[in-house]
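Below is one structure, written out as structure tokens; the observations come after it.
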């Protein structure tokens, strides 16, 4: 069960229902020396994460709960938690809602430099 305490250090959680995306992002971030945890769904993250990570990367389009829906739940626990939303098909409504939540949006596949800038600025 996910707590309200944020982990110290550079732990990044990735939540995406596509195993290939999880593997590629994990590989990239671990090469950069970051501790990474991956989850195949929002429910898996909520059920299994022991504490809030330092940063969260969320896929928007997942079964049962979207990335933005999960972000709202995370923000209720920690209003300043860095959240990055990645999506293969964003809409003006998604971008506007993300902006309201102070969440940056990157298109899939995310540019490696943009992804690392986001993470490095927040850890």
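Numbering (the working numbering), first residue to last: 32 to 154. Backbone N, C-alpha and C fix where the C-beta goes; we use that ideal spot for every residue, glycine too. This structure is a prediction, so every number in the text was calculated from the model and none was measured.
Between the C-alpha atoms of residue 130 and residue 95, what's the straight-line distance to the nearest angstrom?
Indexing the chain shown from 1 puts residue 130 at position 99. Indexing the chain shown from 1 puts residue 95 at position 64. Taking the straight line joining both Cα atoms gives about 22 Å.
Given residue 84 as reference, the closest of 143, 106, 100 once Cα atoms are compared:
For the purposes of this step, residue 84 is taken as residue 53 along the chain shown, with counting starting at 1. Of the candidates 143, 106, 100, the one whose C-alpha sits nearest the C-alpha of residue 84 is 106.
Spatial neighbours of residue 132 within its chain, please: C-beta separation below 8 Å, excluding the five flanking residues on both sides.
Translated into positions along the chain shown, residue 132 becomes position 101. Excluding sequence neighbours, residue 132 sits near 99, 102, 103, 106, 114.
Look at the alpha carbon of residue 62 and the alpha carbon of residue 56, and state the distance between them as a whole number of angstroms.
Residue numbering aside, residue 62 sits at position 31 when the chain shown is read from its first letter. Residue numbering aside, residue 56 sits at position 25 when the chain shown is read from its first letter. Spanning the two alpha carbons is a distance of roughly 10 Å.
Under a three-way DSSP split, which group does residue 125 fall into?
The residue given as residue 125 occupies position 94 in the chain shown. It is helical.
With distances taken from CA atoms, which of 45, 110, 52 is nearest residue 66?
On the chain shown, residue 66 is found 35 positions in, with the first residue counted as 1. Of the listed residues, the one whose Cα sits closest to residue 66 is 45.
Please list, in chain order, all residues of the same chain as residue 145 whose beta carbon is under 8 Å from its beta carbon, the five residues on each side excluded.
Locating residue 145 in the chain shown gives position 114, counting from the first residue. The residues are 137.
Using CA atoms only, rank isn't needed, just tell me which of 150, 64, 92 is closest to residue 73.
To locate residue 73, count along the chain shown from 1; it is residue 42. Residue 73 has its Cα closest to that of 92, out of 150, 64, 92.
Kindly provide the ranges of any beta strand (DSSP E) runs that are 3 or more residues long and lie completely inside the stretch 46 to 72, ordered along the chain.
66 to 70
Identify, in the order they occur along the chain, each residue of the same chain with its Cβ nearer than 7 Å to the Cβ of residue 75, setting aside the five sequence neighbours on each side.
Locating residue 75 in the chain shown gives position 44, counting from the first residue. Around residue 75: no qualifying Cβ.
Alpha carbon to alpha carbon, how far is residue 97 from residue 110?
Position 66 of the chain shown, counting from 1, holds the residue named residue 97. Position 79 of the chain shown, counting from 1, holds the residue named residue 110. The straight-line gap from Cα to Cα measures roughly 18 Å.
Nearest-angstrom Cα distance between residue 42 and residue 82?
Here residue 42 refers to the residue found at position 11 of the chain shown. Here residue 82 refers to the residue found at position 51 of the chain shown. Each residue's Cα considered, the two are about 10 Å apart.
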